[in-house]
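Numbering (full-length UniProt numbering), first residue to last: 1 to 186.
Using N, Cα and C, we set each Cβ at its ideal position, and we do this for glycine too.
The block underneath contains the structure these notes are about, expressed in structure tokens.
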């Protein structure tokens with residue numbers, strides 16, 4: 001059943017007057033859609049639930065300030081939940097899991113112990129440099145290069161504009177290049 005913006009506006013206005021029943025109705029109507037939105041960003045159910053909960057706490061507190069003329073109610077609430085999801089993404093460990101094929105390629109490529117040692121040293125330097133990147137830059141680079149996603153696919157997965165993703169990847173790659181040129185030193 002589609003969510004009626006007019007009804008959401010009524011519930012949001014009532015929630016702004018601290019009407020708990022209206023807030024509950026607002027939650028029941030909008031939570032499934034907002035949860036799906038958070039899940040697309042975070043990719044983990046428990047993190048999406050956390051973003052949704054934090055988002056609705058913020059919606060409750062900010063409801064008196066909602067201005068219907070500036071944004072549709074669902075758009076306004078989605079922006080709050082999106083910001084909470086991005087905050088969670090920033091504060092969680094965004095290490096990327098390599099798929100099994102990539103992992104085996106990285107392990108089996110060296111044919112001699114000297115080559116294995118050199119590759120291991122390069123991998124450690126890359127890992128050290130990657131860990132110095134901002135979380136979201138590291139995530140964007142990891143999705144693009146380790147998971148072979150296009151900039152558009154990365155943007156869709158993170159629910160961000162393609163231009164932002166391109167900028168993050170470019171800046172991150174510049175930082176990686178500088179870091180690796182110094183042997184992985186800070």
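- At the C-beta level, residue 13 and residue 78 stay beyond 9 Å of one another.
- Counting along the chain, the unbroken alpha helix (DSSP H) around residue 139 starts and ends at 135 to 141.
- In the structure shown, residue 5 adopts helical secondary structure according to DSSP, grouped into three states.
- Residue state for residue 61 is assigned as helix, using DSSP reduced to three classes.
- With contacts defined as CB atoms closer than 9 Å, residue 172 and residue 143 fail to qualify as a contacting pair.
- The alpha-carbon of residue 125 is positioned some 32 Å away from that of residue 39.
- In this structure, 180 is the residue among 180, 161, 7 and 157 with its C-alpha nearest to the C-alpha of residue 122.
- Separation of the CB atoms of residue 141 and residue 155 is rounded to 13 Å, and the pair is thereby denied contact status at 8 Å.
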